[in-house]
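Numbering (my numbering), first residue to last: 216 to 813.
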């Protein structure tokens, strides 16, 4: 709501004030009155939103010129325009004195009401314009501050997120390097969080995370950082630490605080916390290595029975050396063209036409040879290299898909696997769009965002999409809005949580090869596959069966209404050029001779 401007009227004669007050009655202004200079100064310094001062010159004790000069000297009032109203003789010297003391206009009595009102209107309009501009500036600053806050904080708990944590860790490390002392990094993981989600739902899970965040924040110093690292993981950064022994009481307090029961609705929730501690400078040289070291110590705490803490073991193990070496090699793998993609075609079950292909990342190290994704992807995730590798995979896969369309006239969607780290990062969906312009320009194709779903799809593990956290849900919703279909991979590989179905976050389910392997024959497996397929179809989701290795499996899946099939029965993983020929042969109903490229 717009504020009302105020006019300060100062005159020692009450009748003059009454006359001008009546004159101003027709305006939407608030009139403040003063009978002398001292009273005028007190009002001006105590009030806000004064748009104009109407000031008599001849007053006892202090004349108008002195009042104007003092108003100009004060920071709070120096900007307020002053119009002198005076019965002093009409001479140039008095008018000049008025302007020199800070007045913007000089009106002689008797006052022409129309002239006075016209001038007042000008200053009131100027005040309103300035007020609106100031409010707009404030609104923009508030919005920018809110955006900056959201970019660095977790939406659910309000704690600093991973990005803000890394910034604070770098600053803390610099402080230690300059002034000495130590820095401790605490990696915390909730014990028993998954059963809470599975039994009571994501509302209970969210409540637990917010309650734990509240407890942790309240028990740490203002100089410490309590951050949500992702999922049910938290990281605490403690500054100005002397040694390990001095923080042991605080670690014990954290363990005890997190183990206190929580009351959610009518349910008593009991969880615990496993905690790992790394110290700088002895346990790592940078933020990434410190967090990884604390993470490793946390897993040792879990192995020790949970609900406890462990410090990083002194000295570096061989596995840690291997990790650092592989992380360094991965940094260079893209530039050295050691990474490449293979594709396994996905067929329409009824027509056997190739409708999609799963992109499979491979790494051929010049010395170590072919390194399996199961070995290097976890290293890429924990070291942070996964972001750059993920960008490279999506960009190249999309480019290949467009190239197949250009050369075969058939649209074959490429399915790219997305890791936990990628889908948890804010802004991931926006990064996908960043690939479009250069990739589409290079391939010479004009494809709108609305058409993107025909060429690119993303596959996420069921355990990722089943997570109740707002950040994951928001990313998946953004991807859907961008026209990028999401397929749920490995359905049935673990305990299935189907909460994501009601949120309509995905368009396809991929039944894990472990279920398909026993088909047909095992009645229990048959029922599970039929059930998963029925549930998916109820939610208007397509079903892809992976790991199809025999004619009998294919025919069984076809007969029960499976939408798409993928596996060695049709093709192993092949190169982009081979897939292009495979697509052509598929639509011509010819057999394509495969070459083992794995």
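Glycine residues also receive a C-beta, built at the ideal position from the N, C-alpha and C atoms. All values reported here derive from a predicted model rather than from experimental measurement.
Inset, instruction - Enumerate in chain order the residues of its own chain whose CB-to-CB distance from residue 256 is below 8 Å, with the five nearest sequence positions on each side excluded. - result: 282, 285 and 286
Inset, instruction - Return the CA-CA distance between residue 318 and residue 355, expressed in angstroms with no decimal places. - result: 33 Å
Inset, instruction - May I have the straight-line CA-CA distance separating residue 366 from residue 381, to the nearest angstrom? - result: 13 Å
Inset, instruction - With DSSP as the reference, label residue 754 as helix, strand or coil. - result: coil
Legend entry - Backbone secondary structure at residue 450 - three-state DSSP: strand
Legend entry - C-alpha distance - residue 384 paired with residue 502, whole-angstrom precision: 6 Å
Legend entry - Within 8 Å, strictly: CB atoms of residue 763 and residue 748: no
Legend entry - Span of the beta strand (DSSP E) around residue 325: Neither: residue 325 is in no beta strand (DSSP E) and is coded neither H nor E.
Inset, instruction - Can you give me the Cβ contacts of residue 734 inside the same chain, cut-off strictly under 7 Å, excluding the 5 residues immediately before and after it? - result: 740, 741, 744, 768 and 771
Inset, instruction - Can you check DSSP and say which residues form a bridge with residue 397? - result: 456
Legend entry - 8 Å Cβ cutoff met for residue 431 and residue 387: no
Inset, instruction - Could you check which residue in 802, 775, 773 and 761 has the C-alpha nearest to that of residue 788? - result: 761
Legend entry - Best match in 442, 511 and 268 for proximity to residue 368 [C-alpha to C-alpha]: 442
Inset, instruction - Would you kindly work out how many angstroms separate the C-alpha atoms of residue 220 and residue 270, rounded to a whole number? - result: 17 Å
Legend entry - Three-pair Cβ contact test at 8 Å for the region 328 to 345 versus the region 237 to 246: yes
Inset, instruction - Compute the beta-carbon to beta-carbon distance between residue 389 and residue 492, rounded to the nearest angstrom, for a pair I have assumed lies under 8 Å. - result: Incorrect: roughly 21 Å between the Cβ atoms, too far for contact.
Inset, instruction - Take every Cβ of the region 356 to 364, pair it with every Cβ of the region 415 to 433, and state whether three or more of those distances are shorter than 8 Å. - result: no
Inset, instruction - Using 10 angstroms around the beta-carbon of residue 224, count the other beta-carbons present and answer buried if the total reaches 16, otherwise exposed. - result: buried
Inset, instruction - Starting from residue 444, follow the beta strand (DSSP E) in both directions and report where the run begins and ends. - result: 440 to 445
Inset, instruction - Report the rounded CA-to-CA distance for residue 447 versus residue 472, giving the unit in angstroms. - result: 16 Å
Legend entry - Alpha carbon of residue 289 to alpha carbon of residue 260, nearest angstrom: 8 Å
Inset, instruction - Give the C-beta separation of residue 601 and residue 631 to the nearest angstrom, bearing in mind that I take them to be a contact with Cβ-Cβ under 8 Å. - result: Their Cβ separation, rounded to whole angstroms, is 13 Å, which puts residue 601 and residue 631 out of contact at 8 Å.
Legend entry - Rounded separation between residue 803 and residue 375 - CA only: 56 Å
Inset, instruction - Closer than 6 Å by C-beta to residue 579: which residues in its own chain qualify, once you throw out the five before and the five after it? Chain order, please. - result: 553 and 585
Legend entry - Sub-8 Å separation of residue 564 and residue 377 beta-carbons: no
Inset, instruction - Name the residue from 463, 234, 413 and 508 whose alpha carbon lies nearest to the alpha carbon of residue 300. - result: 234
Legend entry - Delimiting residues of the beta strand (DSSP E) encompassing residue 236: Run containing residue 236: none in the beta strand (DSSP E); it sits in the alpha helix (DSSP H), 229 to 239.
Inset, instruction - Note down, in chain order, each residue of its chain lying with its Cβ closer than 6 Å to the Cβ of residue 549, except the 5 sequence neighbours on either side. - result: 607
Legend entry - According to DSSP, residues forming a beta bridge with residue 524: 490
Inset, instruction - Go through its chain and collect everything with a Cβ distance to residue 487's Cβ below 7 Å, but skip five positions before and after it. - result: 406, 407, 473, 474, 521 and 522
Inset, instruction - Identify whether residue 248 lies in helix, strand or coil by the three-state DSSP scheme. - result: strand
Legend entry - Other residues of its chain near residue 555: CB distance less than 6 Å, five sequence neighbours each side excluded: 577
Inset, instruction - Could you check how far apart the C-beta atoms of residue 570 and residue 779 are, in whole angstroms? I think they sit under 8 Å. - result: 7 Å
Legend entry - According to DSSP, residues forming a beta bridge with residue 477: 484
Legend entry - residue 788, DSSP secondary structure in three states: coil
Inset, instruction - Look at the Cβ atom of residue 671, then the Cβ atom of residue 629, and state whether they are nearer than 8 Å. - result: yes
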